[in-house]
Each structure stands twice: as C-alpha cells, then as structure tokens.
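Heads up, the sequence shown is in our numbering, so the first residue is 298 and it goes up one at a time.
Note that the Cβ used here is the ideal one computed from N, Cα and C, for glycine as well.
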Amino acid sequence: MSKRIKTPIYLSGPQSEQLQKKLLLKQQKIQSQLDDVTDRYVSSVKKRQENPKLRMAPVFALSRKMANLELQLQRVNLGLLRLSEGKYPKRNWWEEIKFRFSQLSYQKQKVIFGLLFLLPWFIGFCVFFAYPLGTSLWWSLNKMTVVSGGGYSFEFVGFGNYRDLFVSETLAGATISEVLTSSIINILINLPTILIFSLFIAVLLNTKFKGHQLVKAIFFIPVVYNMTVINNTLTGTFGRLFDSDLDQSLALSTQFSNFLMQVGVGSGLVTFLTDAVGRIFTIVNMSGIQILIFIAALQSIPVHLYEAAKVEGATKYEMFWKITIPMISPMVLTAAVYTIVDSFATSEIIRFMTVNSQGTTMSVNQPGLYSAISVIYFLANALIIALMFLALRKQVFYYDK
C-alpha cells in the first residue's frame, strides 16, 4: 500500500502579513546585532595584531557569535522569501515546536535533551530527597509533642535537640560525638581496605577460567543475603562451635602484632594491619557491589590500548598501572562513594534512633531528636564524600575527554 502524501497548507491573508511584519522586525534586530558584533570583532583582531600577547579567547567568542547571527539572519531571509512566494507552510502547535527546535544549534539541542532526561530524576530528587530533608531539618529545630486530637505541636528550640544529643544522650556510655568519631575512623580504615580487596578480586575474576561466573555469584551472596540471619547464626549455637578457633585466632593476632612491634614496625601501622585483619568478615561482606563495579569497569577498557602497549613492549605490570588504573579511576570514585554510604548505614550512629541513654527503646514521641540525628548523619556523609572528591578529583582520568 502506497504511503499517503500530506498536501501542504500555506499561510495566506492576514496571518501571512502578520508573520511578515514579525520577521521584518526580527531581521532588523538581528542585522543590528550582527553589525555591532562585526565591529567589535574587527576591533579585537586589530588589537590582537598590534599586541600579540593579548588572549585569543575573546576573538574566538566574537567569531562564534557572529557566525550564529549570520545563520539566524539567513533563516529569517528564507522565511521572508517563502512568504513573498506564498509558500510558507502553515503549522499546528506541535509542528511549530518541532520547527523551532530544528532551528536551534546542535549544542542547544543537546542541552534540551539533557534537561529532559534529567527531569524525572529532578522530580524524584525534590519529592523523595529535598522535601524530606527540609522537613527533617525543620523538625530538628523544634520540640514536638503529641496533641490530644492527633498530630504534633511545634515549639521552636533552635539547636536544643542537637545540644541534648551531644550532652545528655548516650549509647552504652558513649556520646554521639564519640560514636560519630569512631564511625568515621572505621570508615577511613574500611575504605582503602575494601577498595583494594575489591579491585584485587575483580582483576582475578576478570580472567577467563572455568567457573568464574559461579565465583562471582559467591562474592555477591553477602549483598543479597539477609544479614540478620547471618548475625543470629553466628551468635547462636552454630556460632559457639567456633569459639575455641576464634580464641586461637585472637591469640595468633596478638602474637603477630607483638612480632611486628619487635621488628620495629610503627605502632600506628601495626594497629592498622591488625584492625584490617580483624575486619576480614566485614570486608568480604561489604565488597560485593564494589567487585561488580570494578569488573564492569575492567571489561569496558578498550582492547586496542593493551594491544598497542604490547606492540610497544610494555609489561603486564606497566599496563596495569599505566592503562588499567587510569581507565577505571572514575569507577574507583563511584565505588568509594558507595563504600562510604554503606559503611555509615551500618555504623553505631543508627542505634541512636532506637536506643536511649538508659539502654531502652527511645520513645516514638521524639521526632525532633530523631530528625537531629538524621541531619547529623547526612552532614557526616556529605562531609566525608566531599573531602574524598577533593582528594581524588585530580587523579581521576576520563578517556573521552
């Protein structure tokens, strides 16, 4: 079946005359702007010729603006020509939008498409993050009490909830500042350990061998498995079967740290190493997502880079540090952010929302105090992530740039 061809409809009468007036005014405006930009461009070129030390950036900017105005003027002249010939097409609102969009430059079209694709994320951000965060911030500045008819009454107390948290509220005898400091120290220890371990396992799993898919699944099991079940298992009867072995392991760990101290290793490094060894279970449990991130990054590296390096005589060691590490550096940043957030999500600071200073469950009638804890939790997360970005941004390499 032949495709039906739509007969074009052209503007005529008052609509054509009205559009012609608009295009003539637009033509005059663009021509005036073009004359002004051309004069400035000629003046800038003369100054640059007289003084070669002047920057070329203003000259290039004026040149681009002049080319853009010339293109706009050509389109307006084409519209006037079609109107004079009676062949200017009549468009509905949707066709007019598509026509105006087609008249934009490629860079502006990319910006519009980018904003459209970001719109769902922006709506979700406002609804599910910005609004709850603003609400939590406001609640944290108020003392809220339950009213008899339902709901809460607000009494503005400023930073009173924060003062109570840092002064009176404790968890197992530790204030929130002590718990927060301990959580940050744990993150600083876990972060490099988890990243190095995940990268090491990812490099091993990236090689082709029989059963590598099964091994990947095994390392990902802690991510999807219920950690409550694991904790109950390890603290129950089954876990007590390993108590004697655990005592022997602790004794060996103590002997190992004493040996390192005797051979002259610094106490700070010894503490870091023994803490890292004692966190093996935590490290393996928290490394599943990071391992998958690094595997995806390793598999996305173009093969021709390694082939070119082999032709140049590079060793595998050189290829790893000169090609692999720079190419996966953006994913290192992503994995680091995930590790920080995940470590905070399992830190002791979360228990402040459920346990009060007497060791019992906190009252549900303290939303102001809860909100203060959540704001502190958010600020601690944001601060650590911001510091990490500042520390790593210059080391991140983007292949496409």
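Whether residue i touches residue j by CB criterion (8 Å)
i	j	result
Ile625	Ala669	no
Gly376	Tyr307	no
Leu316	Leu368	no
Val693	Leu630	yes
Ser484	Ser584	First, the residue type needs correcting, since residue 484 is Ile and not Ser in the sequence shown. Against a cut-off of 8 Å, the Cβ pair of Ser584 and Ile484 comes out as no contact.
Leu370	Leu331	yes
Phe396	Arg388	yes
Phe497	Ile580	no
Tyr449	Met441	yes
Ala514	Ile592	no
Met616	Ala605	no
Nearest-angstrom Cβ-Cβ length linking residue i and residue j, presumed shorter than 8 Å
i	j	result
Gly455	Leu438	6 Å
Ala632	Gln587	4 Å
Phe641	Tyr674	7 Å
Val342	Val356	6 Å
Option nearest residue i by Cα separation, candidates the options
i	options	result
Arg361	Arg337, Leu351 and Ile306	Arg337
Ile646	Gly447, Lys318, Ser313 and Ile482	Ile482
Ile620	Asn582, Thr636, Ile598 and Leu331	Ile598
Asn365	Arg388, Phe396 and Ile327	Ile327
Val373	Phe410, Gln325, Val408 and Gln663	Gln325
Val334	Ala611, Gln663 and Met363	Met363
Phe451	Phe463, Thr432 and Asp461	Thr432
Leu430	Met558, Phe396 and Tyr667	Tyr667
Gln596	Asn582, Gln406 and Lys505	Lys505
Pro305	Gln346, Glu392, Glu314 and Leu322	Glu392
Pro623	Leu412, Lys691 and Val608	Lys691
Ser313	Gln346, Trp390 and Leu378	Leu378
Residues near residue i by beta carbon distance below 7 Å, same chain, minus five either side
i	result
Val512	Leu502
Lys344	Leu351
Asp542	Caution applies to Asp542, whose pLDDT of 47 falls short of 50 and renders its modelled position unreliable; the value that the coordinates give is listed next. Once the five neighbours on either side are set aside, Asp542 has no close Cβ partner at all.
Phe463	Thr472, Ile473 and Ser474
Tyr695	Pro627
Phe535	Because the pLDDT at Phe535 is just 49, under 50, the model does not fix this residue reliably, and the point stays unresolved.
Burial state of residue i, where buried means 16 or more other Cβ atoms lie within 10 Å
i	result
Tyr385	buried
Phe578	exposed
Gly665	buried
Ala688	exposed
Leu320	buried
Val600	exposed
Asn555	exposed
Trp436	buried
Val424	exposed
Val476	buried
Ser671	buried
Asn348	exposed
Ile394	exposed
Ile420	exposed
CB contact below 8 Å: residue i versus chain D
i	result
Val638	Looking for chain D here will not work: only one protein chain is present.
Own chain residues within Cβ distance below 8 Å of residue i, not counting five before or after
i	result
Ile637	Ile484, Leu488, Asn678, Ile681, Ile682 and Met685
Ile409	Phe398 and Leu401
Ser564	Met558
Ser309	Gly383
Contacts around residue i, its chain only, beta-carbon distance under 6 Å, and the 5 residues preceding and following it disregarded
i	result
Ser644	Ser480
Asn458	Ser437, Gly665, Leu666 and Ala669
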